[in-house]
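Asks: Shown below is the structure under consideration.
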Amino acid sequence: MEGNRNEFFNEIIGNIDEIFVPDDLHSARRELEDGEISRTLERCYSVITESGKLLSGTTASALSHRKPLSASSLQLSVTSYLSRFLKRGVYEKIKRRQTRLDHNLFDVLWPAMRKTSKARHLEEDINCGIIAPDFDVFVVFQEFLVPLLKDMHCLSIDADFKPQPRLAYFPMDNGERLNTAAFVFDDDSLLVTRCLVEVSRNLDQLELPLNLTIGQLEQAERLMMSKIFTTHFADAIGETDSGNYYTMTELVEPDSEVTMMLSSLGLMIPLLDTMDLVQAAESTAFNGALWPYGRGVFVNSANNLAVWLNCQEHLRIISTSSSKEPADMGAAYTRVGRAISYLETQLHFKESYLLGYLQSRPSYLGTGLKMTTIVKLTNLMKEMDNLRHLCSVRGLSMVTNRLSKLTVRLVNMQSMGVVEYVLFQDYCTAVTNILSLEKDMSLTNSKHIATMLVKIFKRKKNSIVDRN
Numbered sequence: 011m012e013g014n015r016n017e018f019f020n021e022i023i024g025n026i027d028e029i030f031v032p033d034d035l036h037s038a039r040r041e042l043e044d045g046e047i048s049r050t051l052e053r054c055y056s057v058i059t060e061s062g063k064l065l066s067g068t069t070a071s072a073l074s075h076r077k078p079l080s081a082s083s084l085q086l087s088v089t090s091y092l093s094r095f096l097k098r099g100v101y102e103k104i105k106r107r108q109t110r111l112d113h114n115l116f117d118v119l120w121p122a123m124r125k126t127s128k129a130r131h132l133e134e135d136i137n138c139g140i141i142a143p144d145f146d147v148f149v150v151f152q153e154f155l156v157p158l159l160k161d162m163h164c165l166s167i168d169a170d171f172k173p174q175p176r177l178a179y180f181p182m183d184n185g186e187r188l189n190t191a192a193f194v195f196d197d198d199s200l201l202v203t204r205c206l207v208e209v210s211r212n213l214d215q216l217e218l219p220l221n222l223t224i225g226q227l228e229q230a231e232r233l234m235m236s237k238i239f240t241t242h243f244a245d246a247i248g249e250t251d252s253g254n255y256y257t258m259t260e261l262v263e264p265d266s267e268v269t270m271m272l273s274s275l276g277l278m279i280p281l282l283d284t285m286d287l288v289q290a291a292e293s294t295a296f297n298g299a300l301w302p303y304g305r306g307v308f309v310n311s312a313n314n315l316a317v318w319l320n321c322q323e324h325l326r327i328i329s330t331s332s333s334k335e336p337a338d339m340g341a342a343y344t345r346v347g348r349a350i351s352y353l354e355t356q357l358h359f360k361e362s363y364l365l366g367y368l369q370s371r372p373s374y375l376g377t378g379l380k381m382t383t384i385v386k387l388t389n390l391m392k393e394m395d396n397l398r399h400l401c402s403v404r405g406l407s408m409v410t411n412r413l414s415k416l417t418v419r420l421v422n423m424q425s426m427g428v429v430e431y432v433l434f435q436d437y438c439t440a441v442t443n444i445l446s447l448e449k450d451m452s453l454t455n456s457k458h459i460a461t462m463l464v465k466i467f468k469r470k471k472n473s474i475v476d477r478n
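Right, here's the structure in full:
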């Protein structure tokens, strides 16, 4: 990244008062002139403001208070949340702006309006229904995005951004950085189904995959695979064999064995069905017209780590706990930490002084780190609003499982402003607390049932005595 452009990113809090900005390296320096897009944007803004009126108070006050029970209720709560930040004054100021790559405000907001919200294929409930089509949107639409990003990452809206700390996945010991972070959830009740850890990055010299040409997609794929398909990378994650690479074309084939394998391992990412007309259009908006060309996934020899290439982000590393130790969050986290720490020495990634590693998915800004625990909370799930609140106050986003009503996903809301190891510790503490509440409820219910049985037996015994 050029020095001037990097400096401009670092000054992201500065104001952009006009469409044409002197020395501006991020906007198109011309107004949005497409009448159809302008009218569509006006309709989107109307939906957002109306939903803000319908869902007021506590319902729209926090990210985790959304109620993803249906397509309509999910869209209503997401747009209501956005209404807190897209006020009329802000909207009028930014609605005609375009980025250097000609992306406008609708390109940021459209996921909140998408028709396939019920399936929630691409985590819009975590990302608040917005997407970054290019890196420049964080500057061009900053009046809207800066307070939204702060709230999304559990930061004070009124406080200034602090510089994103440098990468630190593991604790210090006698002045030296370790390469392991051990933690296993105390899970005698078998509440934890699986632990997942994901970290994402984007290459410094290229735009997001959505905007790349065929040559650039090939360049990015070759560059990243030249660092991943090596014995050095295998050594970094504690293995001897290199693993396998599958192209995205293999994965999107009907009844793909690779897709089924990755799904069973918990390493599959959400993908849109391009055979469906609506989802095909959305896939183009998310991934570009060249999808699935130039994309693929590397799977390690132990089948517990996948590296996805050019899928929304240039690099997405996902690690999962084993079927024998589903509650071993430390193992999944350590594997990801070692992998990205090694790749940091081999590749240059795009980052901002204040926003950390820049991402297409806003909830991944900062460290690019998301931790997920899939849990069965039989008692707590009886009152989903209460559970959502319990998660919210602990910095967790609760995501319902679209494939099963028996489990929920607990995901860290914050990934910006602190180092990875602190996020890891805080997350494990929060999830442990939720698991303890579930165990306490189970114990209370068991005692209540035992007491009821004793009373029933006593009544039966007394009735028998009376008859005699």
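Okay, so the sequence shown: first residue is 11 according to my numbering, each after it adds one.
Every residue gets a Cβ at the ideal spot worked out from N, C-alpha and C, and that includes glycine.
Whose C-alpha, out of 108, 47, 103, is nearest the C-alpha of residue 39?
Replies: Closest by alpha carbon: 108.
Asks: For residue 224, I'd like the list of residues in its chain whose CB is within less than 8 Å of its CB, leaving aside the five on either flank, ordered along the chain.
Replies: Counting only Cβ-Cβ distances below 8 Å, and skipping sequence neighbours, we find 300, 303, 304.
Asks: Check the DSSP bridge columns for residue 419 and list the partner residues they point to.
Replies: Residue 419 is bridged to 384, 409.
Asks: Pop quiz: residue 389 and residue 452 are said to be a contact at Cβ under 8 Å. What is the actual Cβ separation, rounded to whole angstroms?
Replies: Contact holds; Cβ gap of about 6 Å.
Asks: Cα separation between residue 193 and residue 64?
Replies: Their Cα atoms are separated by approximately 43 Å.
Asks: Using 9 Å as the limit for Cβ to Cβ distance, is residue 63 near chain B?
Replies: No chain B appears in the structure shown, which is made up of a single protein chain.
Asks: Whole-angstrom Cβ separation of residue 351 and residue 341, contact assumed at under 8 Å?
Replies: Wrong, their Cβ atoms sit about 16 Å apart, outside the cutoff.
Asks: Helix, strand or coil: which one does DSSP assign to residue 296?
Replies: Three-state result, residue 296: helix.
Asks: State the CB to CB distance for the pair residue 178 and residue 429, rounded to an integer number of angstroms; the pair is presumed to be in contact (CB under 8 Å).
Replies: Between residue 429 and residue 178 the Cβ distance is about 4 Å, and since that is below 8 Å, they are a contact.
Asks: Have a look at the DSSP bridge pairing and note the partners of residue 321.
Replies: Residue 321 is bridged to 323.
Asks: DSSP state of residue 401, grouped into three classes?
Replies: Note: residue 401 maps to helix in three-state DSSP.
Asks: When the Cα of residue 440 is compared with those of 418, 425, 402, 455, which residue comes out closest?
Replies: Comparing Cα positions, the closest option is 402.
Asks: Taking residue 203 as part of the beta strand (DSSP E), name the residues at either end of that continuous run.
Replies: Note, residue 203: beta strand (DSSP E), 202-211.
Asks: So who's on the other strand from residue 116, going by DSSP bridges?
Replies: Looking at the DSSP assignment, residue 116 forms no beta bridge with any residue, so it has no partner.
Asks: Name the DSSP bridge partner or partners of residue 275?
Replies: Paired residues: none, contrary to the question.
Asks: Helix, strand or coil: how does DSSP classify residue 78 here?
Replies: Because the pLDDT of residue 78 is 37, which lies under 50, any placement of that residue in the model is unreliable, and the question is left without a value.
Asks: Could you work out which residue in 253, 317, 370 is closest to residue 347 when comparing CA atoms only?
Replies: When each option's Cα is compared against that of residue 347, the closest is 317.
Asks: Look at residue 319 and residue 235 and say whether their C-beta atoms are less than 9 Å apart.
Replies: Yes, the Cβ-Cβ distance between residue 319 and residue 235 is below 9 Å.
Asks: Is the number of C-beta pairs between the region 167-182 and the region 246-257 that are closer than 8 Å three or more?
Replies: The region 167-182, when compared against the region 246-257, does not touch it at the 8 Å Cβ threshold.
Asks: Take every Cβ of the region 154-162, pair it with every Cβ of the region 94-113, and state whether three or more of those distances are shorter than 8 Å.
Replies: Short answer: they touch.
Asks: Residue 69 by DSSP, collapsed to three states: which one?
Replies: Confidence at residue 69 is low in this model, with a pLDDT of 43, below 50, so the placement of that residue is unreliable and no value is reported for it.
Asks: Going along the chain, which unbroken runs of the alpha helix (DSSP H) with 4 or more residues stay wholly within the region 241-275?
Replies: Taking only runs of at least 4 residues, the alpha helix (DSSP H) segments lying wholly in the region 241-275 are 241-246, 258-261, 267-275.
Asks: Measuring CB to CB, does residue 407 end up less than 9 Å from residue 421?
Replies: Result yes, Cβ atoms of residue 407 and residue 421 sit closer than 9 Å.
Asks: Take residue 293 and list the residues in its own chain whose beta-carbon comes closer than 7 Å to its own, dropping the five residues that flank it on each side.
Replies: Same-chain partners within the cutoff: 282, 284, 301.
Asks: Would you list the one or two residues that DSSP bridges to residue 307?
Replies: The partner list for residue 307 (beta bridge, DSSP) reads 256, 318.
Asks: Could you check the C-alpha separation between residue 307 and residue 102 for me, to the nearest Å?
Replies: Their backbone Cα atoms lie some 42 Å apart in a straight line.
Asks: Give the straight-line distance between the Cα atoms of residue 267 and residue 261, rounded to the nearest whole angstrom.
Replies: Taking the straight line joining both Cα atoms gives about 8 Å.
Asks: Alpha carbon to alpha carbon, how far is residue 112 from residue 376? Give it in angstroms, no decimals.
Replies: So the alpha carbons of these two residues sit roughly 25 Å apart.
Asks: My output table needs one value for residue 109: the three-state DSSP class, helix, strand or coil.
Replies: Residue state, collapsed to three classes: strand.
Asks: Apart from the five residues just before and just after residue 324, which ones in its own chain have a Cβ nearer than 6 Å to its Cβ?
Replies: Cβ neighbours of residue 324 beyond the five flanking positions: 212, 213, 230.
Asks: My output table needs one value for residue 91: the three-state DSSP class, helix, strand or coil.
Replies: It is helical.
Asks: Where does residue 200 land, buried or exposed, given buried means 16+ other C-beta within 10 angstroms?
Replies: Looking at its Cβ environment, which holds fewer than 16 other Cβ atoms inside 10 Å, residue 200 is exposed.
Asks: Name, in chain order, the residues that DSSP records as bridge partners for residue 182.
Replies: Residue 182 is bridged to 187.
Asks: Who are residue 361's beta bridge partners in DSSP?
Replies: Bridge partners of residue 361: 367.
Asks: Quick one: Cα of residue 204 to Cα of residue 394, how far?
Replies: Going from the Cα of residue 204 to the Cα of residue 394 covers about 21 Å.
Asks: Give me the Cα-Cα distance between residue 354 and residue 397, rounded to the nearest whole angstrom.
Replies: For residue 354 and residue 397, the distance between alpha carbons rounds to 38 Å.
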